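Beneath this line is the structure, given in structure tokens, with notes to follow.
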Amino acid sequence: MKPNILTYLDYRLYLSDVFEHLKQKDPRFSYRAFGRMADSPSPNFLQFLKQRKLHLSQHSLDALAASLGFNAREKRYLETLVQFDHAKTHEEKDRYFRQVVSTREYGKFKQLQESQYRYLSHWYMPVIRELITSTAYSGDPAWIAERIVPQISVSKARKGVVLLEKLGLIRHDEETGRWEQNDRVVRTPSEVIAVAVVKYYRSIFALASDSMERFHHTQRDVRGVTVGVSAETYRRIKTRMESFWNEIMAMASEPQEVGRVYHVGLQVFPLSEDIKE
């Protein structure tokens with residue numbers, strides 16, 4: 007079956023699949039022939055695209071769209087995929103990604119990816135997931151909205167619960183009447199993660215900054231240090247951070263009644279270029 011461009015997030019993968027499809031139909035079909043479809047003189051056109059040594063130009067896009075018999079919608083979608091791939095800033099990535107998911111034809115899978123994007127791009131979604139398991143929660147989303155800091159609207163809290171259940175991250179126990187977390191990881195395509203996670207952490211870093219004024223120092227711990235270290239010491243720091251992270255996750259996994267929801271973050275990032283000898 008011919009690949010459908012409207013089901014792809016990566017235009018390079020799509021073009022690779024198109025080549026394989028055409029090759030199956032005609033074993034004599036070659037990379038050079040594919041290059042001619044894109045009006046490219048290079049016999050390595052597709053290989054360079056797959057290796058990210060080449061970007062799809064508007065001229066080649068127009069030629070491919072004509073060669074593949076695209077309608078106007080399919081061509082616009084391919085153009086958006088190319089813009090999404092070429093975007094330099096996270097703001098551009100986010101804008102083009104929204105255009106992509108609004109156009110895709112992926113049925114339930116499309117809906118799931120949109121849900122995953124909404125989960126990852128809103129800082130309060132993991133907070134709702136933690137609060138909902140409290141014995142004090144009676145099912146009223148207003149209870150959740152009032153306890154999140156900073157507060158969110160009741161509408162956002164209600165939609166958050168629906169989304170978490172849709173993703174299988176929580177479930178309602180009919181016997182006890184309580185909500186429970188499912189031990190399930192939200193698996194998302196890397197293209198979704200790249201856009202949404204950046205938005206999530208930008209929000210989290212802003213909340214960390216605000217917490218300095220919002221909470222007394224006895225209620226939060228924000229610390230950091232700028233140091234110059236060797237590559238070996240950096241690796242040791244990362245190893246210790248990973249070990250400590252695993253300890254935190256183990257403690258949080260112990261059976262307990264949640265008294266408050268916290269965000270715990272560990273960061274190490276460069277503030278200079280590599281110092282060459």
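Residue numbers (this note's numbering): 7 to 283. Glycine residues also receive a C-beta, built at the ideal position from the N, C-alpha and C atoms. If you're wondering where the values come from, they're calculated on a predicted model, not measured in any experiment.
Own chain residues within Cβ distance below 8 Å of residue i, not counting five before or after
| i | result |
| --- | --- |
| Leu272 | Met247, Phe250, Trp251 |
| Lys114 | A caution first: Lys114 carries a pLDDT of 42, below 50, which makes its placement in the model too unreliable to give a value. |
Distance between residue j and residue i (C-alpha atoms, nearest Å)
| i | j | result |
| --- | --- | --- |
| Leu173 | Pro47 | 47 Å |
| Arg184 | Val228 | 34 Å |
| His65 | Ala72 | 11 Å |
| His61 | Ala69 | 14 Å |
| Arg38 | Arg18 | 17 Å |
| Glu253 | Gln262 | 16 Å |
| Leu55 | Pro9 | 18 Å |
| Met43 | Thr239 | 52 Å |
| Arg220 | Leu52 | 54 Å |
| Lys116 | Tyr83 | Any reading at Lys116 needs caution, since the residue's pLDDT is 48, under 50, leaving its predicted position unreliable; the model's value is listed next. Roughly 15 Å separates the two Cα atoms. |
| Val231 | Glu80 | 51 Å |
| Ser217 | Arg208 | 14 Å |
| Phe35 | Asn50 | 14 Å |
| Thr95 | Gln57 | 21 Å |
| Pro156 | Asp23 | 46 Å |
| Val133 | Asn77 | 44 Å |
| Ala258 | Glu186 | 15 Å |
| Tyr206 | Asp32 | 46 Å |
| Val274 | Ala214 | 15 Å |
| Glu260 | Leu67 | 54 Å |
Cβ neighbours of residue i in the same chain (closer than 7 Å, five flanking residues each side left out)
| i | result |
| --- | --- |
| Gln89 | Tyr102 |
| Ala256 | none |
| Tyr20 | Pro9, Ile11, Tyr14 |
| Val106 | Leu15, Thr86, Leu87, Phe90 |
| Val160 | Pro147, Ala148, Ala151 |
| Phe25 | Phe40, Leu52 |
| Arg153 | Leu137 |
Reference residue i; option with closest CA among the options
| i | options | result |
| --- | --- | --- |
| Val267 | Glu136, Ala237, Asp216, Ala93 | Glu136 |
| Ser127 | Arg82, Arg220, Glu97 | Glu97 |
| Arg226 | His27, Val270, Gly265, Gln57 | Val270 |
| His178 | Ile150, Arg242, Gln105, Ile138 | Ile138 |
| Pro276 | Lys29, Val264, Ile243, Ser259 | Ile243 |
| Ile210 | Arg79, Gln122, Ala151, Trp129 | Trp129 |
| Ser144 | Ile158, Val274, Val167, Gln122 | Val167 |
| Val235 | Thr224, Val204, Ser278, Ser215 | Ser278 |
| Asp45 | Lys29, Ser63, Gln30 | Ser63 |
| Val204 | Tyr123, Asn188, Gly265, Lys29 | Tyr123 |
| Lys282 | Gly265, Ala237, Val264, Thr245 | Ala237 |
Opposing strand residues paired with residue i [DSSP bridges]
| i | result |
| --- | --- |
| Ile176 | Gln187 |
Close-in-space but distant-in-sequence residues of the same chain around residue i (CB under 6 Å, 5 per side omitted)
| i | result |
| --- | --- |
| Lys99 | Ala93, Val201 |
| Arg164 | Pro147 |
| Glu171 | none |
Report the residue ranges of all alpha helix (DSSP H) runs contained in full by the stretch 34-68; include only those spanning at least 4 residues, in chain order.
37-43, 51-56
Please specify which runs of the beta strand (DSSP E), each continuous and at least 3 residues long, are wholly inside the stretch 221-276, giving them in chain order.
none
Runs of 4 residues minimum, wholly inside the stretch 98-172: which ones carry the alpha helix (DSSP H) assignment?
113-126, 130-137, 147-153, 160-172
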